[in-house]
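A.B. asks: Numbering (my numbering), first residue to last: 250 to 517.
Idealized CB from N, CA, C, for every residue including glycine.
This is how it looks when you write it as structure tokens:
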């Protein structure tokens with residue numbers, strides 16, 4: 250009889266892969282509470298919260314956090330609007346050029362970040378737009394739209410067409426059908442897509458490097474800190490903050506969408 254349990258070797262390989270992936274993150278968390286201010290002092294000499302107060306009392310850290318949150322929120326809002334509109338326009342009807350439009354929507358997330366960054370920088374220079382918060386938001390929105398688009402169009406494909414037809418038969422116009430039937434069904438997909446887009450924008454560095462100009466988001470601040478070994482404890486605290494801010498939305502999005510197949514069906 251075939252056993253559903255994985256073999257010991259397979260389980261050891263899986264745990265080994267998890268340790269390999271997450272051990273560096275655990276080291277960062279450990280160093281953030283280390284009493285020593287040396288760059289490398291293992292094992293830690295003690296436990297302290299000193300570096301948290303030091304980090305959050307520095308104006309450069311607070312400004313970087315504020316800018317990253319501002320950019321991530323704006324990029325997520327743009328992505329939610331454009332991604333939802335694009336998905337509702339493309340999921341039902343077939344027309345000439347539909348696949349090309351879908352490819353253009355998905356392409357920014359598939360391209361290497363350096364290519365996207367160079368392309369955006371060239372476009373902004375051609376249009377005479379100076380790098381700043383606006384260019385960072387536009388750059389982040391280009392790939393955040395893909396996240397929302399993929400989540401929403403997947404949910405739309407699992408939404409029963411009979412609900413929409415029933416709404417139209419009862420006299421509802423297109424806006425009423427969208428507001429009372431389609432939008433409530435998209436709630437968790439929009440929330441999950443927005444959370445993933447926020448996490449992706451918050452820790453983005455490659456595209457930001459080309460579009461930021463003199464602005465410094467939190468990832469760029471961390472990159473600049475690599476040349477300052479005396480600030481390693483503060484850098485570890487900020488790095489831990491970035492990991493938490495990006496990890497929690499991803500986990501939330503996972504729990505919101507993991508039951509989608511059993512609740513809404515698989516669209517067959």
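#1: Using three-state DSSP, classify residue 269 as helix, strand or coil.
#2: Going by the CB atoms, is the gap between residue 459 and residue 367 shorter than 9 Å?
#3: Report back the beta-carbon spacing between residue 320 and residue 466 to the nearest angstrom; my notes put them in contact at under 8 Å.
#4: Given this structure, state the Cα-to-Cα distance separating residue 515 from residue 406, to the nearest angstrom.
#5: Leaving out the 5 sequence neighbours to the left and right, which residues in its chain are closer than 6 Å to residue 454 when beta-carbon positions are compared?
#6: Please classify residue 373: does DSSP put it in a helix, a strand, or coil?
#7: Taking 9 Å as the cut-off, decide whether the C-beta atoms of residue 282 and residue 298 are in contact.
#8: What are the complete alpha helix (DSSP H) segments, minimum 4 residues, inside the region 294-333?
#9: Between residue 420 and the rest of its own chain, which residues show a CB-CB distance below 8 Å, the 5 nearest in sequence each way excluded?
#10: Report yes if the C-beta distance between residue 444 and residue 502 is below 9 Å; otherwise report no.
#11: Kindly provide the ranges of any alpha helix (DSSP H) runs that are 4 or more residues long and lie completely inside the region 437-464, ordered along the chain.
#12: Using a threshold of 9 Å, state whether the C-beta atoms of residue 438 and residue 401 are closer than that.
#13: Who are the Cβ neighbours of residue 393 in its own chain at under 7 Å, not counting the five residues just before and after it?
#14: Give, in chain order, every unbroken run of the alpha helix (DSSP H) that is at least 4 residues long and sits entirely within the region 340-414.
#15: Label residue 489 either buried or exposed according to how many other C-beta atoms from any shown protein chain fall within 10 Å of its C-beta, with 16 as the threshold for buried.
#16: Taking the beta carbon of residue 385 as the centre, do at least 16 other beta carbons fall within 10 Å, making it buried, or is it exposed?
#17: Quick check: the Cα distance between residue 340 and residue 308, rounded to an integer number of angstroms?
#18: Which value, in whole angstroms, describes the spacing of the CA atoms of residue 306 and residue 495?
#19: Just list the residues that DSSP pairs residue 283 with in beta bridges.
#20: Could you check what DSSP says for residue 419 in three-state terms: helix, strand or coil?
#21: Roughly how many whole angstroms lie between the Cα atoms of residue 352 and residue 426?
C.D. replies: According to the structure data:
#1: Position 20 of the chain shown, counted from the first residue, corresponds to residue 269. In this structure, residue 269 counts as helix in the three-state DSSP scheme.
#2: Indexing the chain shown from 1 puts residue 367 at position 118. Indexing the chain shown from 1 puts residue 459 at position 210. Their beta carbons are under 9 Å apart, which means residue 367 touches residue 459 by this criterion.
#3: Along the chain shown, one-based indexing puts residue 320 at 71. Along the chain shown, one-based indexing puts residue 466 at 217. The pair is a contact, with the Cβ atoms about 6 Å apart (cut-off 8 Å).
#4: Numbered from 1 along the chain shown, position 266 holds the residue referred to as residue 515. Numbered from 1 along the chain shown, position 157 holds the residue referred to as residue 406. Residue placement at residue 515 is poorly supported in this model, since its pLDDT is 39, which falls under 50; the coordinates are not used for a value here.
#5: Along the chain shown, one-based indexing puts residue 454 at 205. Within the same chain, residue 454 has close Cβ partners 468.
#6: Looking up residue 373 in the chain shown gives position 124. Helix.
#7: The count along the chain shown starts at 1 and reaches residue 282 at position 33. The count along the chain shown starts at 1 and reaches residue 298 at position 49. Closer than 9 Å, so yes.
#8: With a minimum length of 4 residues, the continuous alpha helix (DSSP H) runs that stay inside the region 294-333 are 299-304.
#9: Your numbering for residue 420 matches position 171 in the chain shown. Closer than 8 Å at the Cβ level, and outside the excluded window around residue 420, lies no residue.
#10: As a first step, residue 444 is located in the chain shown; it is residue number 195 there, counting from the start. As a first step, residue 502 is located in the chain shown; it is residue number 253 there, counting from the start. Yes. Within cutoff.
#11: 455-460
#12: Here residue 438 refers to the residue found at position 189 of the chain shown. Here residue 401 refers to the residue found at position 152 of the chain shown. With respect to the 9 Å criterion, residue 438 and residue 401 are classified as neighbours on the basis of their beta carbons.
#13: Counting from one through the chain shown, the residue named residue 393 turns up at place 144. Counting only Cβ-Cβ distances below 7 Å, and skipping sequence neighbours, we find 324, 325, 328, 446, 449, 450.
#14: 347-359, 362-376, 382-407
#15: Counted from its first residue, the chain shown places residue 489 at position 240. Per the 10 Å Cβ criterion, buried.
#16: Locating residue 385 in the chain shown gives position 136, where the first residue counts as 1. With 16 or more Cβ atoms within 10 Å of its Cβ, residue 385 is classed as buried.
#17: Walking along the chain shown from the start, residue 340 turns up at place 91. Walking along the chain shown from the start, residue 308 turns up at place 59. Residue 340 and residue 308: Cα-Cα distance of roughly 47 Å.
#18: Numbered from its first residue, the chain shown carries residue 306 at position 57. Numbered from its first residue, the chain shown carries residue 495 at position 246. Rounded to the nearest angstrom, the two C-alpha atoms are 22 Å apart.
#19: For the purposes of this step, residue 283 is taken as residue 34 along the chain shown, with counting starting at 1. The partner list for residue 283 (beta bridge, DSSP) reads 296.
#20: Translated into positions along the chain shown, residue 419 becomes position 170. If DSSP states are grouped into helix, strand and coil, residue 419 belongs with coil.
#21: Locating residue 352 in the chain shown gives position 103, where the first residue counts as 1. Locating residue 426 in the chain shown gives position 177, where the first residue counts as 1. Taking the straight line from one Cα to the other gives about 28 Å.
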